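Which chain is which? The protein sequence lines are P and X, in order. Sequential numbering of the first sequence, starting at 1, is according to my numbering. Sequential numbering of the second sequence, starting at 1001, is according to my numbering. Just so you know, even glycine gets a beta-carbon here, dropped at the ideal spot from N, CA and C. Note that the coordinates shown come from a computational prediction; the quantities given were computed from them, not determined experimentally.
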Amino acid sequence: MKNPMSDSRLIWSVRDVMRRPLEWFLLTAALTLITAIPATALLLVQGLTGAATSILADSPSLVIRKIDPTGWEPVPVEQSLNAVGSVPGVLRAYTRIWGVVGGPKGPLTVVTAISTPSGDHSATPAHPKRGKVLIGPGAATGSTVSQLTLNGQTTQTFQIDGVINPKSAMASHDLVVLNPLDARRLLGLPDGYASDIAIDVFHAGEETAIIPDLAEALPWPVRITTRSENLKFLSGSYARHGGIAIIATIPALVAICLLVAATIREQLESRFEIGLLKAFGWSTADIVRHFLFRALFIGLPAVCLGMVIAYASVFSPGVQWPGILLFGWQGRAPALYLNMGGTLLTLLQIAALTLLPYLIATLVPVLKVATADTHTYFEGDGR
Amino acid sequence: MSAAIECQHVSLERRRHNRQTLCILNDITVVFNGSSMNLISGPTGVGKTSLLHILAGLLRPSSGQVVVDGQPVSRWTGIHRSRWRRRVGIAFQHHHLIEDLTALENVLVPLIPLCLNIRELRRLGRQALTELDLAALAGEKIQFLSGGQRQRINLARALVNRPKYIFVDEPTAHQDNASAAMIIRRLVEAKKKMTTVIIVAHDPRVEASDAIDAHFRLVDGKLSRVV
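Structure (structure tokens):
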């Protein structure tokens, strides 16, 4: 098989690009940025959406909180479970202890167990011993710090027993897992009381159907939220994120339009050179192939580099600027993990958005010029 | 041996800005014998270059045809015309070299679509330059070369793919006597290798050369044989 690197046509195309190194560099840089900006926004939204949907799939079907005119109230565990357990359709009911307390760098969520995406059992720890905590990646203040002070109803300092697996960061980013007794004390929950009641039902369609029965079964005012409501809330959030992504993409779209216009003009201006090539026996196919090689030599590395930058910006742990810039996240952003299908689709969208218009802008004018009669290129050349 | 090139009733008309038609070539019928050296001379602006371009397949005649080996090459379309152009070598009057390429790269232009190995390509290009005493300029960019050097590179480009038909337009312009003699010598060598050479020139040094087998004169759109 012939070595493509020794193909004189390919080498000629590469040499042709190198004739104007500054132009080549600027064009590559422009295409890279045009690719990287929308790809970062789209990948971030895609990564976030995938992670959030996965977490939500493992959340309870319904969550019940006791309310009074001042806000949330602790729920009495035994009375609550007896009441909701008798409601037809309830598959499982359990109470949870959790709350938001002040940490060294901002608010942290205190729990006594972690709900993580299905199959990620490695991330689910047992309750820590009293006085010890497990912390999420976002709650860590430094690798050498071994203590964590939390401010709730009381101020307590705990020994850090470990950091939760970073792979579950979307679920556990700002979590602190405490022993239930420590948690009660910190949150000011009396014995026999919990933060809320979680309920699982057999079928998603039953979520809304049993809400009136649950409200009636409990002898105090409650606020009941369903998993589908949370999904709707997230959908709205995704839509906002999508909007942000589109706004981030607009300058890139304008830039690609300018690039396409400049490329078309350049190709039309190269009609003399195309005529010269035809005069020396280059067929239309040879010329189109030459310009296709040229465009791919510039476009492919640029688009690949742009995608690598976008991928690294979104999926590399520790890279914070996309989240801060697009979503206003504070502190360390949770690490996102690649969802192969969604990411591939996003990358294809970006390739279609940038590489395809560039290739079309390169080839269509060339085709137009290359199929013209040769003498039109040499008008005025003596007579 | 290359076959003869035959012009059969070739005419070329151009439409002027005032929509009047200008007859540049008028019913030219002529045979350029195979493996011969032919000279076409005539006053400036009479249509010599246009005739050369018609023969080289760059320009279509308004009527008539160019026949080579029984094939009406001027009537061929698309890919067939590029096949004809690969069989010919043309040196333009105004050089038409690519300024920001080197001399060697310019000479390689006709060889690229032939898909040769890059080493073979460079060898042929260097050989063509050496034959016109241009080897030292292989790596020089065209923009830094003199008019005479450019003209010889233009000729080297026409000769590099060993064509069976060579069309050269004013090859000795900008050349001193020694270089002009070298160019004519090079064209004679090509003719000896069974190539048909057609030169357009009004340089007395070419007209006086005894290497010319047939001398034609183009006046008022008509081509007539002088010698």
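Suppose the cutoff is 8 angstroms on Cβ atoms and the five residues either side in sequence are ignored; what does the same chain contact list for residue i look like?
i, result
"Asp1203(X)", "Glu1170, Thr1172, Ala1173 and Ala1180"
"Val260(P)", "Pro357, Tyr358, Ile360 and Ala361"
"Ile1098(X)", "Glu1105, Asn1106, Val1109 and Ile1142"
"Arg15(P)", "none"
"Trp12(P)", "His290"
"Val303(P)", "Leu31, Thr32, Thr35, Ile350, Ala351, Thr354 and Leu355"
"Ile221(P)", "A small correction: the amino acid at residue 221(P) is Pro; Ile does not occupy that position in the sequence shown. These residues qualify, in order along the chain: Lys66, Ile67 and Asp68."
In angstroms with no decimal places, state the Cα-to-Cα distance between residue i and residue j.
i, j, result
"Lys129(P)", "Leu187(P)", "17 angstroms"
"Ile135(P)", "Ile160(P)", "7 angstroms"
"Glu73(P)", "Arg240(P)", "32 angstroms"
"Val1073(X)", "Leu1145(X)", "36 angstroms"
"Cys257(P)", "Val100(P)", "48 angstroms"
"Ala57(P)", "Ser228(P)", "10 angstroms"
"Val17(P)", "Leu1101(X)", "11 angstroms"
"Val369(P)", "Pro137(P)", "59 angstroms"
"Ala1211(X)", "Lys1193(X)", "14 angstroms"
"Phe272(P)", "Ile309(P)", "38 angstroms"
"Ser316(P)", "Gly102(P)", "28 angstroms"
"Arg19(P)", "Asp1176(X)", "32 angstroms"
"Leu1059(X)", "Ile1005(X)", "16 angstroms"
"Val1168(X)", "Glu266(P)", "31 angstroms"
"His1096(X)", "Asn1026(X)", "28 angstroms"
"Ala1156(X)", "Arg1123(X)", "13 angstroms"
"Gly1147(X)", "His1009(X)", "36 angstroms"
"Asn82(P)", "Gly205(P)", "23 angstroms"
"Ala29(P)", "Ala255(P)", "12 angstroms"
"Arg1119(X)", "Leu253(P)", "44 angstroms"
"Val1206(X)", "Ser1011(X)", "26 angstroms"
"Ser270(P)", "Leu26(P)", "19 angstroms"
"Asp191(P)", "Gly243(P)", "46 angstroms"
Would a C-beta distance cut-off of 7 angstroms place residue i and residue j closer than the cut-off?
i, j, result
"Ala194(P)", "Val63(P)", "no"
"Arg1014(X)", "Ile1024(X)", "yes"
"Val1219(X)", "Leu1052(X)", "no"
"Leu108(P)", "Val176(P)", "yes"
"Ala1158(X)", "Ala1091(X)", "yes"
"Val84(P)", "Val77(P)", "no"
"Phe1216(X)", "Ile1040(X)", "yes"
"Pro1113(X)", "Asp7(P)", "no"
"Lys1048(X)", "Gly1057(X)", "no"
"Thr346(P)", "Leu43(P)", "yes"
"Arg1085(X)", "Gly275(P)", "no"
"Thr112(P)", "Pro60(P)", "no"
"Lys278(P)", "Thr371(P)", "no"
"Thr70(P)", "Gly306(P)", "no"
"Leu1111(X)", "Asn1161(X)", "yes"
"Val87(P)", "Ile210(P)", "yes"
"Gly1078(X)", "Ile1166(X)", "no"
Contact check, residue i vs residue j under 8 angstroms by CB: the rounded distance?
i, j, result
"Lys1141(X)", "Arg1087(X)", "No, Lys1141(X) and Arg1087(X) are not in contact; Cβ-Cβ is about 30 angstroms, not under 8 angstroms."
"Ala1103(X)", "Leu1132(X)", "That belief does not hold up - the Cβ atoms of Ala1103(X) and Leu1132(X) are roughly 10 angstroms apart, past 8 angstroms."
"Thr225(P)", "Thr208(P)", "That pair is no contact at about 11 angstroms."
"Ala1136(X)", "Asp1069(X)", "Not confirmed; about 39 angstroms, so no contact."
"Leu363(P)", "Phe291(P)", "6 angstroms"
"Thr154(P)", "Arg185(P)", "6 angstroms"
"Pro395(P)", "Thr249(P)", "Given a span of 1 to 383 for chain P in the structure shown, any question on residue 395(P) remains unanswerable."
"Arg65(P)", "Asp196(P)", "5 angstroms"
"Leu385(P)", "Val145(P)", "Since the first residue shown for chain P is 1 and the last is 383, residue 385(P) is missing from the structure and cannot be characterised."
"Thr149(P)", "Pro104(P)", "7 angstroms"
"Ser1035(X)", "Thr1195(X)", "7 angstroms"
Taking 6 angstroms as the limit between beta carbons, can you name the residues of its chain near residue i, skipping five residues before and five after?
i, result
"His203(P)", "none"
"His121(P)", "Summary for His121(P): the model assigns pLDDT 39, below 50, so the residue's position carries little reliability; its value from the coordinates is reported in the next sentence. Nothing meets the Cβ criterion."
"Met1037(X)", "Lys1191, Val1197, Ala1211, Ile1212 and Asp1213"
"Trp24(P)", "Val17"
In chain A, which residues lie less than 7 angstroms from residue i when you measure between Cβ atoms?
i, result
"Ala279(P)", "As a matter of chain content, chain A is missing from the structure shown, whose protein chains are P and X."
Who are the near neighbours of residue i in its chain, counting only those whose CB is closer than 7 angstroms to its CB and skipping five residues on each side?
i, result
"Pro21(P)", "none"
"Pro365(P)", "Ile264, Gln267 and Leu268"
| query | If we count Cβ pairs, one from each stretch, closer than 8 angstroms, do we get three or more for the segment 94 to 104 of chain P versus the segment 203 to 218 of chain P? | reply | no
| query | Would you call the segment 1180 to 1195 of chain X and the segment 1141 to 1160 of chain X in contact, with 3 or more CB pairs under 8 angstroms? | reply | yes
| query | With contact counted as at least three CB pairs below 8 angstroms, one residue from each stretch, are the segment 1214 to 1225 of chain X and the segment 1057 to 1075 of chain X in contact? | reply | no
| message | Under 8 angstroms, with one C-beta from each stretch per pair, do the segment 294 to 305 of chain P and the segment 1070 to 1085 of chain X reach the 3-pair mark? | response | no
| query | Quick one: any contact between the segment 299 to 312 of chain P and the segment 1114 to 1127 of chain X, if contact means 3 or more CB pairs under 8 angstroms? | reply | no
| request: Determine, using beta-carbon pairs with one atom in the segment 337 to 350 of chain P and one in the segment 44 to 51 of chain P, whether at least three such pairs fall under 8 angstroms. | output: yes
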